[in-house]
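Participant:
2 protein chains.
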Amino acid sequence: MNMRASVMQHSYRQLAQALDSDIRAGRYQVGERLPSVREFASLKQLSVSTVIRCYRYLETEGLVEARSKSGMYVADWKVRAADQARTLASKTKLTPPAVEYDKLVSLQHRMTELYSLTAQPLQLGLHLASAAPEWYPCDALAKIAQRQLRQDPMLIGVYPGGTGLPALKTALIQWLKTSGVDLEASDLLITNGSTEALSVALRAVAQAGDAVIVESPVYFGLLQMLENLGIKAIEVPCVPGQGISLEALEYALEHQTGVRAVVAMPNFQNPLGCSMSEKNKKRLLRLIEQHDLALIEDDVFGDLSHLQHRPQAIKAWDRQGRVIYCGSCSKSLAPAFRVGWIAGGRYQARINSLKLSTSLITPLFEQAVLAEFMQSGTLPSHLRKLRERLAATIPLATAAIHRYFPAGTQVISPAGGWWLWLELPEHIDTLALLRQAVSVGIAFTPGSLFSGSGKYANYLRLNIGRPWGREMEQGMKLLGRLAQDVA
Amino acid sequence: MNMRASVMQHSYRQLAQALDSDIRAGRYQVGERLPSVREFASLKQLSVSTVIRCYRYLETEGLVEARSKSGMYVADWKVRAADQARTLASKTKLTPPAVEYDKLVSLQHRMTELYSLTAQPLQLGLHLASAAPEWYPCDALAKIAQRQLRQDPMLIGVYPGGTGLPALKTALIQWLKTSGVDLEASDLLITNGSTEALSVALRAVAQAGDAVIVESPVYFGLLQMLENLGIKAIEVPCVPGQGISLEALEYALEHQTGVRAVVAMPNFQNPLGCSMSEKNKKRLLRLIEQHDLALIEDDVFGDLSHLQHRPQAIKAWDRQGRVIYCGSCSKSLAPAFRVGWIAGGRYQARINSLKLSTSLITPLFEQAVLAEFMQSGTLPSHLRKLRERLAATIPLATAAIHRYFPAGTQVISPAGGWWLWLELPEHIDTLALLRQAVSVGIAFTPGSLFSGSGKYANYLRLNIGRPWGREMEQGMKLLGRLAQDVA
Chain A
1 MNMRASVMQH SYRQLAQALD SDIRAGRYQV GERLPSVREF ASLKQLSVST VIRCYRYLET
61 EGLVEARSKS GMYVADWKVR AADQARTLAS KTKLTPPAVE YDKLVSLQHR MTELYSLTAQ
121 PLQLGLHLAS AAPEWYPCDA LAKIAQRQLR QDPMLIGVYP GGTGLPALKT ALIQWLKTSG
181 VDLEASDLLI TNGSTEALSV ALRAVAQAGD AVIVESPVYF GLLQMLENLG IKAIEVPCVP
241 GQGISLEALE YALEHQTGVR AVVAMPNFQN PLGCSMSEKN KKRLLRLIEQ HDLALIEDDV
301 FGDLSHLQHR PQAIKAWDRQ GRVIYCGSCS KSLAPAFRVG WIAGGRYQAR INSLKLSTSL
361 ITPLFEQAVL AEFMQSGTLP SHLRKLRERL AATIPLATAA IHRYFPAGTQ VISPAGGWWL
421 WLELPEHIDT LALLRQAVSV GIAFTPGSLF SGSGKYANYL RLNIGRPWGR EMEQGMKLLG
481 RLAQDVA
Chain B
1 MNMRASVMQH SYRQLAQALD SDIRAGRYQV GERLPSVREF ASLKQLSVST VIRCYRYLET
61 EGLVEARSKS GMYVADWKVR AADQARTLAS KTKLTPPAVE YDKLVSLQHR MTELYSLTAQ
121 PLQLGLHLAS AAPEWYPCDA LAKIAQRQLR QDPMLIGVYP GGTGLPALKT ALIQWLKTSG
181 VDLEASDLLI TNGSTEALSV ALRAVAQAGD AVIVESPVYF GLLQMLENLG IKAIEVPCVP
241 GQGISLEALE YALEHQTGVR AVVAMPNFQN PLGCSMSEKN KKRLLRLIEQ HDLALIEDDV
301 FGDLSHLQHR PQAIKAWDRQ GRVIYCGSCS KSLAPAFRVG WIAGGRYQAR INSLKLSTSL
361 ITPLFEQAVL AEFMQSGTLP SHLRKLRERL AATIPLATAA IHRYFPAGTQ VISPAGGWWL
421 WLELPEHIDT LALLRQAVSV GIAFTPGSLF SGSGKYANYL RLNIGRPWGR EMEQGMKLLG
481 RLAQDVA
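Protein sequences, first through last, are from chains A and B.
Counted from 1, the first sequence has number 329 at position 329 by UniProt numbering; the numbering is strictly sequential.
Counted from 1, the second sequence has number 377 at position 377 by UniProt numbering; the numbering is strictly sequential.
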């Protein structure tokens, strides 16, 4: 078996195909219990998420079904095939549309198209911001959720109101003190993830036709968001290891008009993974004040320092209410919950109004579960473990890349989070590399997405937030070889 | 005991105050189990939601705590009082800020301020779109949710992607056939409630400076949303019992420039509760086509016909992809879930991109629970019951209003949903009436919020979506008397 085939065969689609054949051939009987997600993952030496995606796919196909209390079973698929449900299921079939690589770098589509990669038969999807599910306290959160549902089912019937669940606000206020941020409940709004937080923050300070300054390289989602809002993005370069260049920023502020805000990730920037020093954070804030601007501080990776030390947020020194602080539980605690928060300083009233007319309210259920988890006091120990895991993976990944990638490849190592930012030899176009990588089941984010200017065409971003093992080692080997071939 | 006091004393704050005193006086011991929400509601003859709000309030105050499996207990409040948690809790104290009645009618604030009413000590909050929690299948949904969490806790760790859970899309596609709407999975995007659906729909078809046509009277949330997007709202009058006047619409379309779309609720309009005839629906669609516009069809109340008959959506006849159909489970099935959907026709790609850069993704957990509930086939029987309850309440509410309100009060009865739209004698300013009503624990929505023009100052909207009983009868009596006094 060659290596490419071995990587391919473990994708969820390959797994689903094998199980599909087994079921149709009668090797699993109708009504027979299938292995649990965990059992199956350990049996096949696959990641939990691959098995989850496989079961989800077969459920849509009508081949398996989840049953009360006890797991996944082979569905009565012959009967289903006959009835209308079958025709319907075929309408929602997960036939992945082809990735439109040409659109991938368009400002309007870069995020949409990158997401469309996820639907491809991938073995290693290293392109998005998802760490391994088993690195999160899923069991503890699920237990809390079950208990709350048992105790208060009626809450499902209550139309929610307000700017966030008071209990979650209380827990967050206490937690944010570890970032040096001191808030009251009315300073805080709970959002549908940090994406919504960023979106309402931008709308609160800028209108179509205005400009904001962003870091370069920068999270591509922000570029698509700005494009959709009609706001111009002015890219100011980062100094690797340090964050946004304050000299370049000062120059830009003196020469650009119509700038309303700076958007920055002072802690563990996406994709560079670097943090600004305290001194530079304070300098940045002074620049904001001097130029009468707002600072939108995206701190979603702030809790994921590889050292056991939580860096301060710039919001900690904000005396004029100019810093709009955005955070989320999606990276550090519960990816599926989609709960974020925003502390908008002097812009809070406008932000609250915009949120209300964007999505009314954030679901309270996930908020209640998070609140109880945070109150239980186990967040610090969860984060300690997560940070250790991330820190342990970096040297392994870096070594593998140096082993397999073309000579001259530079690895920008992060101080927090799970990104590796790779600079490949100059003639390697990582968008072309991506096409080939996807065809063998690996995805990453090509560098050109991190700027609107065509920069970073020989860079790429890798998500290494998962247990290091044979799968990742083989993946790096394969990816390195593809890059060698292009080189 | 006079009537005002009797209405007052049942608000959740009054209940919480009483319980607070009982606990501090030692009538409930630390560690003692408190009655369940249901027991307490039945004991005190209060609504379930009042008790829920009371317990939530006391939990924030550190006086009670929820415990694993078995209910609500008296917390060790003396100890808590001493520690830091207490200071923090006080920061998030639910001291309701005063309602800024002057802001209530400002386009920028009408929704925000109306929501702020909810924080007041209300006995009868008839101002928002929430029906009684006990009218929803909370137990069934909670059971499904618990089972799913038990079976697949790992899903909490999976970062979601895509335009919605395939299983929910399958179930919705089948369900929407009852509205005459025939969709494929790729035509559909799951949103954070219908508010997000409306917001991305508007952004897909219009920019700041453009205009859209809305019905008059119209849902105030739409007016605040348009204001926040910088889109001009052109109000076209409705014919009570029929919906938007097509003659007036035709005239407006011939005389207004910059119009990009019409936003309408052809089924059970908010606040009028009326449905358009099939003939008029088709005429409206033809006008849209002739003027090269989009139609944003808000169908959130479509399932709540008081007859056991689901009217068609205009989307059913849309051959050119001009109708952007918006729906939600918040009114008909699970208010707390905040799951909506949008089928955007020719605008779908733009809508998907806007959603991605507004909130990335809608949480999958609630989607999975809804999907399983819908697949179980019990949605029709739930809706049958809900419709019967709504239909049974209308004549009781109408009779009570005629009994207690000033002579000349007209009640516009709905054909679906839970709104009563009241026209009071011309000299009665319902905004002034609201101030007085809130001071005795009753809230409604004053008519002036349903237009940007100052119209409908002597109208008001009441939500009667709750069991009719002494509480509501007394409330109508009190409200009628206040209106008499103003008259």
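From the three backbone atoms N, C-alpha and C, an ideal C-beta is built for every residue, glycine too.
1. So, with DSSP's three-state summary, where would you put residue 215 (chain A)?
2. Can you name, in chain order, every residue of its own chain whose Cβ lies under 6 Å from the Cβ of residue 338 (chain B), other than the five neighbours on each side?
3. Along the chain, where does the alpha helix (DSSP H) containing residue 290 (chain A) start, and where does it finish?
4. Name the DSSP bridge partner or partners of residue 467 (chain A)?
5. Using a 10 Å radius around the Cβ and a threshold of 16 neighbouring Cβ atoms, would you call residue 43 (chain A) buried or exposed?
6. Once DSSP output is grouped into helix, strand and coil, what is the label at residue 84 (chain A)?
7. Starting from the beta carbon of residue 11 (chain B), find every residue of chain A whose beta carbon is closer than 8 Å, and list them in chain order.
8. Where in the region 208-258 of chain A do unbroken runs of the alpha helix (DSSP H), each at least 4 residues long, occur, reported from the N-terminal end onward?
9. Going by C-alpha distance, which of B:120, B:395 and B:400 is nearest residue 415 (chain B)?
10. Can you find a CB in chain A that lies within less than 8 Å of the CB of residue 354 (chain B)?
11. Mind checking who residue 72 (chain A) pairs with in its DSSP beta bridge?
12. Would you say the region 218-228 of chain B touches the region 353-366 of chain A, given that touching needs at least three Cβ pairs under 8 Å?
13. Measuring only the C-alpha atoms, how far is residue 137 (chain B) from residue 379 (chain B)?
14. At 7 Å on the CB atoms, spell out the chain B contacts of residue 151 (chain A), in chain order.
15. State the DSSP-derived secondary structure class of residue 446 (chain B), mapped to helix, strand or coil.
16. Of all the residues that make up the region 323-342 of chain A, which are near chain B by a beta-carbon distance shorter than 8 Å?
17. DSSP three-state label for residue 325 (chain B), please.
18. Could you tell me whether any Cβ in chain B is nearer than 8 Å to the Cβ of residue 86 (chain A)?
19. Does residue 104 (chain B) come out as helix, strand or coil in the three-state DSSP assignment?
20. Using only the alpha-carbon positions, how far apart do residue 405 (chain B) and residue 387 (chain B) sit?
21. Using a Cβ-Cβ distance under 8 Å, would residue 146 (chain B) count as near chain D?
22. Using a Cβ cut-off of 8 Å (strictly closer), state whether residue 365 (chain B) contacts chain A.
23. Does residue 190 (chain B) come out as helix, strand or coil in the three-state DSSP assignment?
24. For residue 108 (chain A) and residue 106 (chain B), what's the separation of their Cα atoms in angstroms?
25. Does the beta-carbon of residue 117 (chain A) have 16 or more other beta-carbons within 10 angstroms, so that it is buried, or is it exposed?
26. Could you name the residues that DSSP lists as bridge partners for residue 452 (chain A)?
27. Residue 295 (chain A) lies in the beta strand (DSSP E); which residues open and close that run?
28. Could you check the C-alpha separation between residue 331 (chain B) and residue 301 (chain B) for me, to the nearest Å?
29. Within 8 Å (strictly less), CB to CB, does residue 60 (chain A) reach chain B?
30. Can you tell me whether residue 171 (chain B) is buried or exposed? The criterion is at least 16 other CB atoms within 10 Å of its CB, across all chains shown.
31. Could you tell me how far apart the beta carbons of residue 215 (chain A) and residue 244 (chain A) are, in whole angstroms, since I believe they sit closer than 8 Å?
32. Give the straight-line distance between the Cα atoms of residue 64 (chain B) and residue 58 (chain B), rounded to the nearest whole angstrom.
33. Which same chain residues, not among the five before or five after residue 483 (chain A), have their C-beta less than 7 Å away from its C-beta?
34. Nearest-angstrom Cα distance between residue 75 (chain B) and residue 132 (chain B)?
35. What are the partner residues of residue 417 (chain A), as DSSP defines its beta bridges?
36. So, with DSSP's three-state summary, where would you put residue 305 (chain B)?
Facilitator: The structure says:
1. Here residue 215 (chain A) refers to the residue found at position 215 of the first sequence. Residue state, collapsed to three classes: strand.
2. Sequence index remark: in the second sequence, residue 338 (chain B) carries index 338 (1-based). Once the five neighbours on either side are set aside, the close Cβ partners of residue 338 (chain B) are 192 and 193.
3. Within the first sequence, the letter at position 290 stands for residue 290 (chain A). Per DSSP, residue 290 (chain A) belongs to the alpha helix (DSSP H) from 278-290.
4. Residue numbering aside, residue 467 (chain A) sits at position 467 when the first sequence is read from its first letter. None; residue 467 (chain A) has no bridge partner.
5. On the first sequence, residue 43 (chain A) is found 43 positions in, with the first residue counted as 1. Counting Cβ neighbours within 10 Å, residue 43 (chain A) comes out exposed, since fewer than 16 surround it.
6. The sequence position of residue 84 (chain A) within the first sequence is 84, counting from 1. Confidence at residue 84 (chain A) is low in this model, with a pLDDT of 42, below 50, so the placement of that residue should be treated as unreliable; the coordinate-derived value is given next. For residue 84 (chain A), the three-state secondary structure derived from DSSP is helix.
7. In the second sequence, counting from the first residue as 1, residue 11 (chain B) sits at position 11. Going along chain A, no residue has its Cβ under 8 Å from residue 11 (chain B), so there is no contact; the nearest lies around 15 Å.
8. You should have 220-229 and 246-255.
9. Working through the second sequence from its first residue, we reach residue 415 (chain B) at position 415. Checked all of B:120, B:395 and B:400; the closest Cα to residue 415 (chain B) is B:395.
10. Position 354 of the second sequence holds residue 354 (chain B). At a cut-off of 8 Å between C-beta atoms, residue 354 (chain B) counts as an interface residue with respect to chain A.
11. Mapped onto the first sequence, residue 72 (chain A) falls at position 72. According to DSSP, residue pairing for residue 72 (chain A) in a beta bridge involves A:66.
12. At 8 Å Cβ cutoff, the stretches touch.
13. The residue given as residue 137 (chain B) occupies position 137 in the second sequence. The residue given as residue 379 (chain B) occupies position 379 in the second sequence. Near 9 Å, if we compare the C-alpha coordinates of residue 379 (chain B) and residue 137 (chain B).
14. Along the first sequence, read from residue 1 onward, the residue named residue 151 (chain A) stands at position 151. Within 7 Å Cβ-Cβ: 66 and 71.
15. Looking up residue 446 (chain B) in the second sequence gives position 446. Residue state for residue 446 (chain B) is assigned as strand, using DSSP reduced to three classes.
16. Those would be 330, 334, 335, 336, 337 and 338, in chain order.
17. For the purposes of this step, residue 325 (chain B) is taken as residue 325 along the second sequence, with counting starting at 1. Note: residue 325 (chain B) maps to strand in three-state DSSP.
18. One-based indexing of the first sequence puts residue 86 (chain A) at position 86. For residue 86 (chain A), the pLDDT reaches just 42, beneath the cut-off of 50, and the residue's location in the model is therefore unreliable, although a value from the coordinates is still provided. So no, residue 86 (chain A) is outside the interface.
19. Here the question's residue 104 (chain B) lines up with position 104 in the second sequence. Looking at residue 104 (chain B) - three-state DSSP - the assignment turns out to be helix.
20. Looking up residue 405 (chain B) in the second sequence gives position 405. Looking up residue 387 (chain B) in the second sequence gives position 387. Residue 387 (chain B) has its alpha-carbon roughly 26 Å from the corresponding atom of residue 405 (chain B).
21. Although the question refers to chain D, the structure presented lacks it and instead comprises the protein chains A and B.
22. On the second sequence, position 365 is the one that residue 365 (chain B) refers to. Any Cβ of chain A closer than 8 Å to the Cβ of residue 365 (chain B) would place that residue at the interface, and such an atom is present.
23. Sequence index remark: in the second sequence, residue 190 (chain B) carries index 190 (1-based). Correct three-state label for residue 190 (chain B): strand.
24. Taking the first sequence and counting its residues from 1, the one referred to as residue 108 (chain A) is at position 108. Taking the second sequence and counting its residues from 1, the one referred to as residue 106 (chain B) is at position 106. Distance between the alpha carbons of residue 108 (chain A) and residue 106 (chain B) is about 34 Å.
25. Translated into the one-based positions of the first sequence, residue 117 (chain A) becomes position 117. Per the 10 Å Cβ criterion, buried.
26. Locating residue 452 (chain A) in the first sequence gives position 452, where the first residue counts as 1. DSSP, once it has assigned bridges, lists no residue as partnering residue 452 (chain A).
27. Counting from 1 along the first sequence, the entry for residue 295 (chain A) is found at position 295. Residue 295 (chain A): member of the beta strand (DSSP E) spanning 294-298, first to last residue.
28. In the second sequence, counting from the first residue as 1, residue 331 (chain B) sits at position 331. In the second sequence, counting from the first residue as 1, residue 301 (chain B) sits at position 301. The straight-line gap from Cα to Cα measures roughly 7 Å.
29. Within the first sequence, numbered from 1, the residue matching residue 60 (chain A) stands at position 60. With 8 Å as the cut-off, residue 60 (chain A) counts as an interface residue toward chain B.
30. Within the second sequence, numbered from 1, the residue matching residue 171 (chain B) stands at position 171. Buried: at least 16 other Cβ atoms inside 10 Å.
31. As a working note, residue 215 (chain A) is residue 215 in the first sequence. As a working note, residue 244 (chain A) is residue 244 in the first sequence. Confirmed, Cβ separation roughly 5 Å.
32. One-based indexing of the second sequence puts residue 64 (chain B) at position 64. One-based indexing of the second sequence puts residue 58 (chain B) at position 58. One C-alpha to the other measures close to 6 Å.
33. Here residue 483 (chain A) is taken as the residue at index 483 of the first sequence, counted from 1. Counting only Cβ-Cβ distances below 7 Å, and skipping sequence neighbours, we find 405, 406, 424, 428 and 433.
34. Reading the second sequence from its first residue, position 75 is the one you call residue 75 (chain B). Reading the second sequence from its first residue, position 132 is the one you call residue 132 (chain B). Taking the straight line from one Cα to the other gives about 29 Å.
35. Here residue 417 (chain A) corresponds to residue number 417 of the first sequence, with the count starting at 1. Its beta-bridge partners do not exist; DSSP assigns none.
36. As a working mapping, residue 305 (chain B) is identified with position 305 in the second sequence. Under the three-state reduction of DSSP, residue 305 (chain B) is assigned to strand.
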